[in-house]
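**Q** Going by the numbering used here, the first residue of the sequence shown is number 32, and it counts up by one from there.
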Amino acid sequence: MSVKPDYDWRCHACQSLNCAGNAICKARGFKAAASGQEIHAAISGKPLERWPSRHESQKHLRERMAALSGWKKFFAGLLCGMAAVGGLIFWLSLFSLAADGMLAGMAITGIAILLLAGLLATGGGDQR
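1. What residue range is occupied by the uninterrupted alpha helix (DSSP H) comprising Trp102?
2. Report buried or exposed for Arg85, applying the criterion of at least 16 other Cβ atoms within 10 angstroms of its Cβ.
3. Where does the unbroken alpha helix (DSSP H) through Glu69 begin, and where does it stop?
4. Between Gly60 and Gly76, what straight-line distance do the alpha-carbon atoms span, to the nearest angstrom?
5. When you compare each of Met96, Asp131 and Thr140 to Ala115 by their alpha carbons, which one comes out closest?
6. Do three or more CB pairs link the segment 34-48 to the segment 63-70 at distances below 8 Å?
In structure tokens form, the structure reads like this:
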């Protein structure tokens with residue numbers, strides 16, 4: 032479904048004036064209702080960057096962890112477990128409204144994720 036403005040509008044990409052009721056710029060074919068990312072891509076000439084899906088991200092993480100050496104793989108597993116425990120502490124503290132438990136859970140999870148990111152960035156696998 033395209034948005035057709037009920038007023039005269041200027042194209043975000045080429046600044047051409049377009050009449051009310053036009054959903055697409057007559058000069059360049061750019062949408063009247065475009066996202067900020069689409070506008071930036073059109074102005075800069077760079078292609079629109081697509082974020083990887085959750086499935087793609089999980090697959091990439093598994094590949095990176097599989098490429099680690101023995102002790103690094105073990106340490107990465109410990110860090111994943113540490114992040115899970117931190118999440119569990121946060122979740123349980125959330126129901127009892129214990130602020131100190133929630134902060135501890137967030138801190139444990141955050142530290143584990145940062146250490147895991149550092150480990151994956153420095154060891155094994157292709158660098159993206």
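Ideal placement from N, C-alpha and C gives every residue a C-beta, glycine not left out.
All values reported here derive from a predicted model rather than from experimental measurement.
**A** Inspection of the coordinates gives the following:
1. For the purposes of this step, residue 102 is taken as residue 71 along the sequence shown, with counting starting at 1. Run containing Trp102: Gly101 to Ser127, per the alpha helix (DSSP H) assignment.
2. Reading the sequence shown from its first residue, position 54 is the one you call residue 85. The residue in question, Arg85, is exposed, as its Cβ has fewer than 16 Cβ neighbours within 10 Å.
3. Working through the sequence shown from its first residue, we reach residue 69 at position 38. Glu69 -> alpha helix (DSSP H) spans Gly67 to Ser75.
4. The count along the sequence shown starts at 1 and reaches residue 60 at position 29. The count along the sequence shown starts at 1 and reaches residue 76 at position 45. C-alpha separation (whole angstroms): 15 Å.
5. Here the question's residue 115 lines up with position 84 in the sequence shown. The candidate whose alpha carbon is nearest that of Ala115 is Thr140.
6. Contact annotation: the segment 34-48 touches the segment 63-70, with at least three C-beta pairs closer than 8 Å.
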